[in-house]
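Numbered by full-length UniProt numbering, the letters in the sequence shown go through residues 1 to 472 in order.
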Amino acid sequence: MDYLPIFLDLKYKNVLVVGAGDIALNKIKLLLRSNALISVISKNMCSEIRCLLVQKKIFWIAREFKTSYLKNFFLVIAATSNSELNKKIFQKCNKFKILINVVDDQSKCSFIFPSIIDRSPIVIAISSGGKAPVLLRLLREKIESILPMRLGNIAKIAGDWRSIIKKRFSNLLERKHFWEKLFNSVFVQYIINGKEKKAISTLKNMIEKPNKLTGEIILVGAGPGNSDLLTLRALQVMQEADVVLYDNLVSQDILELIRRDAKCIYVGKRAGIKSITQLKIIKLLIFLAKQGKKVVRLKGGDSFIFGRGGEELEAAKNANINIQVVPGITAGIGVAAYSGIPLTHRDYAQGVIFITGYQCINNFTNNWSILSNSNYTIVVYMGSLKALEISKQLIFHGRLKSTPIAIISQGTTINQKVIIGRLDELDKIFRLAISPSLLIIGQVVLLHKKLEWFKNSTYFNNSKTISSIINM
Ligand code: SAH
Numbered sequence: 001m002d003y004l005p006i007f008l009d010l011k012y013k014n015v016l017v018v019g020a021g022d023i024a025l026n027k028i029k030l031l032l033r034s035n036a037l038i039s040v041i042s043k044n045m046c047s048e049i050r051c052l053l054v055q056k057k058i059f060w061i062a063r064e065f066k067t068s069y070l071k072n073f074f075l076v077i078a079a080t081s082n083s084e085l086n087k088k089i090f091q092k093c094n095k096f097k098i099l100i101n102v103v104d105d106q107s108k109c110s111f112i113f114p115s116i117i118d119r120s121p122i123v124i125a126i127s128s129g130g131k132a133p134v135l136l137r138l139l140r141e142k143i144e145s146i147l148p149m150r151l152g153n154i155a156k157i158a159g160d161w162r163s164i165i166k167k168r169f170s171n172l173l174e175r176k177h178f179w180e181k182l183f184n185s186v187f188v189q190y191i192i193n194g195k196e197k198k199a200i201s202t203l204k205n206m207i208e209k210p211n212k213l214t215g216e217i218i219l220v221g222a223g224p225g226n227s228d229l230l231t232l233r234a235l236q237v238m239q240e241a242d243v244v245l246y247d248n249l250v251s252q253d254i255l256e257l258i259r260r261d262a263k264c265i266y267v268g269k270r271a272g273i274k275s276i277t278q279l280k281i282i283k284l285l286i287f288l289a290k291q292g293k294k295v296v297r298l299k300g301g302d303s304f305i306f307g308r309g310g311e312e313l314e315a316a317k318n319a320n321i322n323i324q325v326v327p328g329i330t331a332g333i334g335v336a337a338y339s340g341i342p343l344t345h346r347d348y349a350q351g352v353i354f355i356t357g358y359q360c361i362n363n364f365t366n367n368w369s370i371l372s373n374s375n376y377t378i379v380v381y382m383g384s385l386k387a388l389e390i391s392k393q394l395i396f397h398g399r400l401k402s403t404p405i406a407i408i409s410q411g412t413t414i415n416q417k418v419i420i421g422r423l424d425e426l427d428k429i430f431r432l433a434i435s436p437s438l439l440i441i442g443q444v445v446l447l448h449k450k451l452e453w454f455k456n457s458t459y460f461n462n463s464k465t466i467s468s469i470i471n472m
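So this is what it looks like as structure tokens:
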């Protein structure tokens, strides 16, 4: 982060603007919105600033700038057309540790003005640090368009009732749940539609008949890594969570989207590596939910696909805890899409089968004769440890050695790597792959050459047959 966004309280603070042309005017108008005490140094001024002077909204020092003026100011804006003077003001402010912004010269700013979306008391400030103003403008338009104009009224009414609610719900968690319930209720719509009386009676009703604090466990699939692939519902519950228990497949980008005040607990497990046991995770989930907390269990991909989500929910149900499930894009679907491999195709595959290379507790064995039917695409999760066995079994049961395969590492993320090869090279290729990686086996892999769109792939050296098929 090049700049830390903070909100300054400029109420009744002395702010100096040097210069009184159009550029200075924009800044003065902005500063007036924060009720700063504005002094302007200039010999002349534009008509609009003069108007503000007549209305006694600003003070005027009708002199040349002198360093001694700086003493009483908290913040300075240099908006003159004289670059030497601007430079001098910048240097002096730095010396006296006064916040300074030289308009249109970012190298001479100790702070910059963000782009503002004002729904006071809700204020959203965004900035590209001066790097992409057009992108910033587009973003701002998007944000403006999704925020109702009367958002500020919602916040104002909430502010008016804050101390009453605080007295009524002394428990922090209860209070948080009250507000969440209120903001998710018809209260908001009433205010947006200008029906404030009705909104307030809804609020009073909810104060009088509050719901008992009940915890719950929400199983959330975070998708295969790229945060753009989160569902809207996942984002909502991540924003409402009291506690989040997350796995190592959940990317940093996604963790950043969790509500700041939520407690995040890492309970990562990896195939073949000993770490926190499943039993301990389940006990922790139940313990937290029984305290009345909204517990989000965040997992990579989809929780019901090789995610042990079912086991966790069964335990929650047995403990009489409310549950919800938010589906995620499973790696098989997401990674295939980002590597341009359609898992089914009328010319190549009749269906798709998801399997795990990891041994299940009950030692289920694969039905190799079905898997070796070349009409089906096979997607193998956690395949790296059993790569040799998988390829041997498939070939033994009739799949061609030259069957195309793709191994996709860190799929859907900016580090995605796709290696294309043949089934009889599976073991060697896996040694080149970084975890997590997914294996796709079947004729559909041939389509990758034509349909890849996200990042470039590698062809395994020895895959002569594959290369020749693809180049045909
Ligand atoms: N529940 C998860 C799967 C968990 S098993 C889901 O639905 O996706 C973990 C395995 O998923 C990894 O060993 C790997 O085979 C696969 N996987 C998960 N994310 C992946 C990614 N971004 N790229 C490639 N493979 C991935």
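For glycine and all other residues, C-beta sits at the position ideal for the given N, C-alpha and C.
Are there 16 or more other CB atoms within 10 angstroms of the CB of ASN320, so buried, or fewer, so exposed? Within the sequence shown, residue 320 is the residue found at index 320, counting from 1. So ASN320 counts as exposed.
Looking at PHE454: is its Cβ nearer than 9 Å to the Cβ of ILE420? Walking along the sequence shown from the start, residue 454 turns up at place 454. Walking along the sequence shown from the start, residue 420 turns up at place 420. Cβ atoms of PHE454 and ILE420: not closer than 9 Å.
Among PHE287, ASN322, ASN318, ILE281, nearest to ARG308 - alpha-carbon criterion: Numbered from its first residue, the sequence shown carries residue 308 at position 308. Considering only alpha carbons, the answer is ILE281.
Got a sec: does the ligand SAH put a non-hydrogen atom nearer than 8 Å to the Cβ of ALA315? Within the sequence shown, residue 315 is the residue found at index 315, counting from 1. Outside the cutoff, so no.
Where does LEU16 land, buried or exposed, given buried means 16+ other C-beta within 10 angstroms? As a working note, residue 16 is residue 16 in the sequence shown. Its Cβ being crowded by 16 or more others within 10 Å, LEU16 is buried.
According to DSSP, is ARG260 helix, strand or coil? Sequence index remark: in the sequence shown, residue 260 carries index 260 (1-based). Three-state result, ARG260: coil.
Beta strand (DSSP E) segment containing ALA125, residue limits: Start at 1 with the first residue of the sequence shown, and residue 125 comes out as number 125. Its beta strand (DSSP E) spans residues 122–126.
Along the beta strand (DSSP E) that carries PRO133, what are the first and last residues, could you check? To locate residue 133, count along the sequence shown from 1; it is residue 133. Segment 133–146 is the alpha helix (DSSP H) holding PRO133; no beta strand (DSSP E) there.
Nearest-angstrom Cβ-Cβ length linking GLU216 and VAL295, presumed shorter than 8 Å: Translated into the one-based positions of the sequence shown, residue 216 becomes position 216. Translated into the one-based positions of the sequence shown, residue 295 becomes position 295. Correct: roughly 7 Å between the Cβ atoms.
Going by other Cβ atoms of all chains shown within 10 Å of its Cβ, with 16 needed for buried, is ASN153 buried or exposed? Within the sequence shown, numbered from 1, the residue matching residue 153 stands at position 153. With 16 or more other Cβ atoms within 10 Å, it is buried.
Report the rounded CA-to-CA distance for LEU343 versus THR365, giving the unit in angstroms. If you number the sequence shown from 1, residue 343 lands on position 343. If you number the sequence shown from 1, residue 365 lands on position 365. Distance between the alpha carbons of LEU343 and THR365: 23 Å.
Simplified DSSP state of ALA222, which is helix, strand or coil: Along the sequence shown, read from residue 1 onward, the residue named residue 222 stands at position 222. In the structure shown, ALA222 sits in coil (DSSP, three-state: anything other than H, G, I, E or B).
Could you tell me the distance, in whole angstroms, from the CA atom of PHE304 to the CA atom of ILE100? Position 304 of the sequence shown holds residue 304. Position 100 of the sequence shown holds residue 100. Spanning the two alpha carbons is a distance of roughly 55 Å.
Which of helix, strand or coil DSSP assigns to SER468: As a working note, residue 468 is residue 468 in the sequence shown. Per-residue confidence for SER468 stands at a pLDDT of 41, beneath the threshold of 50, marking its modelled position as unreliable; the derived number appears in the next sentence. SER468 falls in the helix class under three-state DSSP.
So, does the CB of ASP347 fall closer than 9 Å to a CB anywhere in chain C? This model lacks chain C altogether, as it is built from one protein chain only.
Alpha carbon to alpha carbon, how far is ASP9 from GLY301? Numbered from 1 along the sequence shown, position 9 holds the residue referred to as residue 9. Numbered from 1 along the sequence shown, position 301 holds the residue referred to as residue 301. Rounded to whole angstroms, ASP9 to GLY301 spans 44 Å at the Cα level.
Near LYS386, what residues of its chain come up, given a Cβ to Cβ distance below 7 Å and the 5 sequence neighbours on each side ignored? Your numbering for residue 386 matches position 386 in the sequence shown. Same-chain partners within the cutoff: GLY357.
For the ligand SAH, is there a heavy atom less than 8 Å away from the beta-carbon of TYR381? Within the sequence shown, residue 381 is the residue found at index 381, counting from 1. Yes; taking the cut-off as 8 Å, the Cβ of TYR381 has a heavy atom of the ligand SAH nearer than that.
Contact between the stretch 379–396 and the stretch 191–204: three or more CB pairs below 8 Å? no
Beta-carbon contacts of LEU432 that lie in its chain and below 7 Å, excluding the five residues immediately before and after: As a first step, residue 432 is located in the sequence shown; it is residue number 432 there, counting from the start. Same-chain partners within the cutoff: ILE419.
Straight-line CA distance for ILE146 to HIS448? Within the sequence shown, residue 146 is the residue found at index 146, counting from 1. Within the sequence shown, residue 448 is the residue found at index 448, counting from 1. Spanning the two alpha carbons is a distance of roughly 38 Å.
Hey, is GLY292 close to the ligand SAH, as in C-beta under 8 Å from one of its heavy atoms? For the purposes of this step, residue 292 is taken as the residue at position 292 of the sequence shown. No; taking the cut-off as 8 Å, the Cβ of GLY292 has no heavy atom of the ligand SAH nearer than that.
With contact counted as at least three CB pairs below 8 Å, one residue from each stretch, are the stretch 30–44 and the stretch 57–64 in contact? yes
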